[in-house]
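The opening position of the sequence shown corresponds to residue -4 in the working numbering, with each subsequent residue numbered one higher. No residue lacks a Cβ here, since even glycine has one placed at the ideal position from N, Cα and C. Small disclaimer: the values here were computed from a predicted structure and weren't measured. So the structure is just underneath, and the comments pick up after that.
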Amino acid sequence: MQKTINIPTSPQQIILKSFAGSSLARFLAQTGRQTRRPIVVIVEDTKDAETLADDIGFFAPASAIEILPSFDVKPYYGLSPHRSVVLNHLKILGKLIHDRIDFLIVPKGALFRRVIARSIFEQHVFKLMTGDLIERDDL
């Protein structure tokens, strides 16, 4: 017996619990096909995020799935996160702004730091391609 869940079309928060195995991924893949909007999922840790990303990829192979990585340092310690983690965050934020992510999976550890405001991010980001020339003063 297959149970149908009606997904609201207006932006809302939905809290889901008690999924077993890959059933959450199947539900999310189906929801993504119905809503055609980005879906953000908060999970316990990076391992759970990777597992869920793989499972969603199985049920929705054409979907753009990203995992927002947790910073490798704790907040308020006065240390900067590794450059690759910061660059990955910026890449994912850019994809979100341009609607190129179907599923964003966020380990709860990634929620401990503030995210730059969209308006500020858009003001300071520009597309630069190989071969483009730009004046040093413009940077």
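- Annotated three-state conformation of F121 is coil, per DSSP.
- Each residue's CA atom was taken as its position, placing R78 and R109 some 17 Å apart.
- Fewer than three Cβ pairs drawn from the segment 5 to 25 and the segment 79 to 96 lie within less than 8 Å of each other, which leaves the two stretches out of contact.
- The DSSP-derived three-state label of L128 is coil.
- In the DSSP annotation of this structure, L82 is not part of any beta strand (DSSP E); the continuous alpha helix (DSSP H) holding it starts and ends at 78 to 92.
- In the three-state reduction of the DSSP assignment, I115 falls in the helix class.
- Using a Cβ distance threshold of 7 Å, T41 and P102 count as a contacting pair.
- Its Cα nearest to that of P64, the residue L82 stands out among L82, R32, I10, F54.
- Within the same chain, P33 come within 8 Å of D94 by CB-CB distance, once the 5 residues on both sides are set aside.
- Separation of the CB atoms of F66 and A20 is rounded to 26 Å, and the pair is thereby denied contact status at 8 Å.
- For V36, the CB contacts under 6 Å within the same chain, skipping 5 residues up- and downstream, are I100 in chain order.
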